[in-house]
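Everything in the sequence shown is counted per my numbering, starting at 77 for the first residue and increasing by one.
Beta carbons: idealized from backbone N, C-alpha and C, even for Gly.
For reference, the structure discussed in these notes is given below.
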Amino acid sequence: MQVSVVTSVVAGQTTVATEDVEKFMTAISDQLGDDYTFTLDADYGASLDTDDADVYLVYFGSQANLTAAQKSKMIIFYSDDDVQSGLIGRFVDMLKQLKQK
């Protein structure tokens, strides 16, 4: 399963630090194993305009900036608190459930 982690969909938006998102992404990836491929989209949601990913983890603060076409994708939102706390269990569980379908 291909997962794209999107840091922001609007230029100039303050989000969590890219380094922190990379740690968050790596922690989830480590729990899920080789059946999942993660990529980081720090290019303002460019991956949301392609069909390269099965699911997108998108920064919650970007929600209002998504187009209708982008909103039609399979999106799981994450927040600053998710990244800072390191609590990844719910993301691991959701991604496992999506893969089963």
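Residue i and residue j: beta carbons closer than 9 Å?
i, j, result
"residue 101", "residue 124", "no"
"residue 156", "residue 92", "yes"
"residue 165", "residue 99", "no"
"residue 132", "residue 80", "yes"
"residue 112", "residue 136", "no"
"residue 78", "residue 128", "yes"
"residue 151", "residue 167", "no"
"residue 82", "residue 159", "no"
"residue 141", "residue 89", "yes"
"residue 94", "residue 118", "yes"
Using DSSP with H/G/I as helix, E/B as strand and the rest coil, what is residue i?
i, result
"residue 107", "helix"
"residue 123", "helix"
"residue 134", "strand"
What does DSSP give as the partner residues of residue i in its beta bridges?
i, result
"residue 114", "79"
Measuring straight from C-alpha to C-alpha, what distance separates residue i and residue j?
i, j, result
"residue 138", "residue 84", "6 Å"
"residue 170", "residue 103", "15 Å"
"residue 97", "residue 106", "14 Å"
Taking only beta-carbon atoms, is residue i less than 9 Å away from chain B?
i, result
"residue 104", "No chain B appears in this structure, which consists of one protein chain only."
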